[in-house]
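**Q** Take a look at this one; I'll ask things after.
There are 2 protein chains.
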Amino acid sequence: MRKHITGFSNPTVKYLRSLRDKKHRKRAGQFLVEGLRLLEDARTSGRVPQTLVMAEHRAPHDLLARLENDVLAAGGEVIVTAPDILAKITGKDNPQSVAGVFDEWDTALTALDRSAAPIWLAAQALRDPGNLGTMLRTADAVGAGGLILIDDCADPFSAEAVRASMGAVFTVAVAQARWEEFLPWLRAGDGQLVAASLRDAVPYRGAPYAAPCFILVGNELQGLPADYETACDLRVTMPMRGRADSLNAAVAGAVLAYVVLASLEG
Amino acid sequence: MRKHITGFSNPTVKYLRSLRDKKHRKRAGQFLVEGLRLLEDARTSGRVPQTLVMAEHRAPHDLLARLENDVLAAGGEVIVTAPDILAKITGKDNPQSVAGVFDEWDTALTALDRSAAPIWLAAQALRDPGNLGTMLRTADAVGAGGLILIDDCADPFSAEAVRASMGAVFTVAVAQARWEEFLPWLRAGDGQLVAASLRDAVPYRGAPYAAPCFILVGNELQGLPADYETACDLRVTMPMRGRADSLNAAVAGAVLAYVVLASLEG
Chain A
1224 MRKHITGFSN PTVKYLRSLR DKKHRKRAGQ FLVEGLRLLE DARTSGRVPQ
1274 TLVMAEHRAP HDLLARLEND VLAAGGEVIV TAPDILAKIT GKDNPQSVAG
1324 VFDEWDTALT ALDRSAAPIW LAAQALRDPG NLGTMLRTAD AVGAGGLILI
1374 DDCADPFSAE AVRASMGAVF TVAVAQARWE EFLPWLRAGD GQLVAASLRD
1424 AVPYRGAPYA APCFILVGNE LQGLPADYET ACDLRVTMPM RGRADSLNAA
1474 VAGAVLAYVV LASLEG
Chain B
1224 MRKHITGFSN PTVKYLRSLR DKKHRKRAGQ FLVEGLRLLE DARTSGRVPQ
1274 TLVMAEHRAP HDLLARLEND VLAAGGEVIV TAPDILAKIT GKDNPQSVAG
1324 VFDEWDTALT ALDRSAAPIW LAAQALRDPG NLGTMLRTAD AVGAGGLILI
1374 DDCADPFSAE AVRASMGAVF TVAVAQARWE EFLPWLRAGD GQLVAASLRD
1424 AVPYRGAPYA APCFILVGNE LQGLPADYET ACDLRVTMPM RGRADSLNAA
1474 VAGAVLAYVV LASLEG
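Protein chains in written order, with our numbering: chain A, 1224 to 1489; chain B, 1224 to 1489.
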């Protein structure tokens, strides 16, 4: 269905704007993605938005035309509106902009198949959505099975996380769980839990990594709680040649993931 | 000197607020750092602010008292003001907050001594201040000589870059240069220029890295210009197992820096 919206006070406009807020996203079970590039990433990953929003008199574009067709074919809605109303929805003052609304998907641990990949990333209390998106992107790059978000992390469906993921949010599995759920789930099957740590750790190069290997990074400021580190099968340490004793969380995860990838592939 | 400021319209308040804006920072040659932790990082790195700003009736704190002493001993100024005025200056609604004003320092290439370290990081047109700060933090961790910012990069003295650096901005040398200055400077001495690339590249593990090794990453969206890549001595490629063909710039730099560190140390 195609719809033309002319007023700022239209309830659909209000609804779309509200999706920039986490509370409203959770209530609605939907999230908003801005930009043709990300929408095209979604489409090629088999995810078509329920609703597509664009400015009237927008310059034609092949990718956009295909996207529009797919949305309509799937029974979705295409909304055309004034550039200033679109800017209000996306928060971007760009009349070439386009946005899509997606249903959030299941992020239960039970949806993961641990035998699907040799490497998994996990983050505990990761608060920065940019770091979260970056870890999704890294997970895609190393062929990880997914990213497991433990305890209170940023929202993987926030605009900033989606943007930082460069589309990986559409291809990399994401699960969300409390530590009290994650650990029993992990222990119910194969899986080596590895943390970058300063406590009782071995050098990160040459450590005995084993698939499926779950690489765990902690909160940006606090790191991992001591008892979480203790519960790991392997604690590894990376060289720190300067005055600091830690790396950015997403960086630490990536450096470790590439070493694990090299180790497992021999 | 100790000074008490009571009015929002005080010119000092206006000046301090203006430092949140890049244009004003460049004109003044000064930048503002918020938070006791960062100010303590600066102090232990030998950098004392010209001006220290805190709220009146702030809870006493040993580190803060020492900082105050150092500022006054160096002939600087300590400004005490109302919590709401402080919040206006720092943009943070926290009466425990404290901020310092520092002179920006020289970021000319000529200030670098390439023989000082086996690894250097370089970034071209890096636009995200968070990525820039993260690269400073990584540079500290791998013991790099410094971070060289090529062409139009984010401002290393912006609040976001300083925060993401976790204090490394105070310890890691930073230089800023156009490519047209950087390349002749590099070629006037020893130095291997290495880029992560898909063009005519060798696997990143086992590549013939040589000190001083300059690791170059490109813009977040465009990567490196083709002629910059061609000018590199070594182009290396990292495994990309997913659908994307690149990593976050700061992540790529870090993964590569740790491999170079391991290679050079044997």
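We put the CB at the ideal spot given by N, CA and C, even for glycine.
Any beta carbon of chain B sitting closer than 7 Å to that of methionine 1463/A?
**A** True, the Cβ-Cβ gap to chain B drops below 7 Å.
**Q** So with CB distances below 8 Å, who are the chain B contacts of glycine 1353/A?
**A** Gly1353, listed in chain order.
**Q** So, under 8 Å CB-CB, arginine 1243/B and glycine 1314/B are touching, yes? Tell me the CB distance rounded to an integer number of Å.
**A** Yes, arginine 1243/B and glycine 1314/B are in contact; Cβ-Cβ is about 6 Å, under 8 Å.
**Q** For glycine 1425/A, does the count of other Cβ atoms within 10 angstroms reach 16, so buried, or fall short, so exposed?
**A** The sequence given here has valine at residue 1425/A, not glycine. So valine 1425/A ends up on the exposed side.
**Q** Establish whether the CB of glycine 1366/B and some CB of chain A are separated by less than 7 Å.
**A** It does; some Cβ of chain A falls within 7 Å.
**Q** Thinking just about the alpha-carbon of each residue, which of Met1463/B, Ala1454/B and Pro1435/B is nearest to the one in alanine 1480/B?
**A** Selected option, being the one with the closest Cα: Pro1435/B.
**Q** Pull up the DSSP beta-bridge partners for valine 1483/B, would you.
**A** In DSSP, valine 1483/B forms no bridge with anything.
**Q** Taking the beta strand (DSSP E) that glycine 1369/A belongs to, which residues open and close that run?
**A** Per DSSP, glycine 1369/A belongs to the beta strand (DSSP E) from 1369–1373.
**Q** Tryptophan 1328/A lies in the alpha helix (DSSP H); which residues open and close that run?
**A** From DSSP, tryptophan 1328/A is part of no alpha helix (DSSP H); its letter is neither H nor E.
**Q** May I have a chain-ordered list of the alpha helix (DSSP H) segments no shorter than 4 residues that lie completely inside the region 1295–1358 of chain B?
**A** Counting only runs of 4 or more, we get 1306–1313.
**Q** Would phenylalanine 1231/A be called buried (16 or more neighbouring beta carbons within 10 Å of its own) or exposed?
**A** By the neighbour-count rule (16 or more Cβ atoms within 10 Å), phenylalanine 1231/A is not buried but exposed.
**Q** Output yes if chain A places a C-beta closer than 7 Å to the C-beta of alanine 1490/B; else output no.
**A** Here chain B covers residues 1224 to 1489 and nothing more, so residue 1490/B does not appear.
**Q** For the region 1251–1287 of chain B, list the alpha helix (DSSP H) runs that are entirely contained and at least 4 residues long, ordered along the chain.
**A** The qualifying runs are 1259–1267.
**Q** If contacts are defined as beta-carbon pairs under 8 Å, then proline 1379/B and valine 1397/B qualify, I think. What distance do you get, rounded to the angstrom?
**A** So it is a contact: roughly 5 Å between Cβ atoms.
**Q** Taking one C-beta from the region 1326–1344 of chain B and one from the region 1382–1400 of chain B each time, how about it: are there three or more such pairs within less than 8 Å?
**A** Verdict: yes, contact present.
**Q** Could you round the C-beta distance between isoleucine 1308/A and valine 1483/A to whole angstroms and report it? I think they count as a contact, below 8 Å.
**A** Their Cβ separation, rounded to whole angstroms, is 48 Å, which puts isoleucine 1308/A and valine 1483/A out of contact at 8 Å.
**Q** Going by beta carbon distance, what residues of the same chain come within less than 7 Å of glutamate 1452/A, once the five residues before and after it are set aside?
**A** If we look at glutamate 1452/A and ignore the five residues flanking it on each side, its Cβ neighbours are Ala1418, Ser1420, Arg1422 and Arg1458.
**Q** Answer yes or no: do leucine 1262/B and glycine 1323/B have a C-beta to C-beta separation smaller than 7 Å?
**A** Yes.
**Q** Less than 7 Å between the C-beta atoms of glutamate 1279/B and valine 1294/B, yes or no?
**A** Not closer than 7 Å, so no.
**Q** Should arginine 1248/B be flagged as near chain A, meaning a C-beta pair shorter than 7 Å?
**A** Answer no: the Cβ-Cβ gap between arginine 1248/B and chain A never drops below 7 Å.
**Q** Can you find the residues in the same chain that come closer than 8 Å, C-beta to C-beta, to leucine 1406/A, ignoring five residues on each side of it along the sequence?
**A** These residues qualify, in order along the chain: Ala1454.
**Q** Please list, in chain order, the chain B residues whose beta carbon lies closer than 7 Å to that of leucine 1484/A.
**A** By Cβ distance, chain B contributes Pro1462.
**Q** With DSSP as the reference, label threonine 1394/B as helix, strand or coil.
**A** Here threonine 1394/B sits in coil by DSSP.
**Q** Is the separation between the beta-carbon of glycine 1390/B and that of isoleucine 1438/B shorter than 7 Å?
**A** Against a cut-off of 7 Å, the Cβ pair of isoleucine 1438/B and glycine 1390/B comes out as no contact.
**Q** Between the Cα of glycine 1298/A and those of Arg1350/A, Val1276/A, Gln1319/A and Val1271/A, spot the shortest distance and give me the residue it belongs to.
**A** Ranking Arg1350/A, Val1276/A, Gln1319/A and Val1271/A by Cα distance to glycine 1298/A puts Val1271/A first.
**Q** Taking the alpha-carbon of alanine 1387/B as reference, which of Met1358/B, Asp1374/B, Val1395/B and Gly1369/B has the nearest alpha-carbon?
**A** With distances taken between Cα atoms, alanine 1387/B lies closest to Met1358/B.
**Q** List, in order along the chain, the chain B residues whose C-beta lies closer than 8 Å to that of leucine 1470/A?
**A** Correct list: Arg1360, Thr1361, Ala1364 and Ala1477.
**Q** Relative to the C-alpha of histidine 1284/A, which residue among Gln1273/A, Gly1269/A and Gly1258/A is closest?
**A** Ranking Gln1273/A, Gly1269/A and Gly1258/A by Cα distance to histidine 1284/A puts Gly1258/A first.
**Q** Our contact map puts threonine 1394/A next to alanine 1473/A with C-beta atoms below 8 Å; I'd like the distance itself, whole angstroms only.
**A** That pair is no contact at about 18 Å.
**Q** Any idea which residues DSSP pairs phenylalanine 1437/B with across the strands?
**A** Trp1343/B and Leu1416/B, per the DSSP bridge assignment.
**Q** Taking 7 Å as the CB-CB cut-off, is tyrosine 1238/B touching chain A?
**A** It does not; no Cβ of chain A falls within 7 Å.
**Q** With a cut-off of 7 Å, does the C-beta of alanine 1384/B fall near any C-beta of chain A?
**A** Taking Cβ atoms only, chain A never reaches closer than 7 Å to alanine 1384/B, which makes this a no.
**Q** Taking buried to mean at least 16 other C-beta atoms within 10 Å of its own C-beta, is methionine 1224/B buried or exposed?
**A** Looking at its Cβ environment, which holds fewer than 16 other Cβ atoms inside 10 Å, methionine 1224/B is exposed.
**Q** With 7 Å set as the bound, which would you pick, yes or no: does the beta-carbon of arginine 1466/B sit closer than that to a beta-carbon of chain A?
**A** By this cut-off, arginine 1466/B is an interface position.
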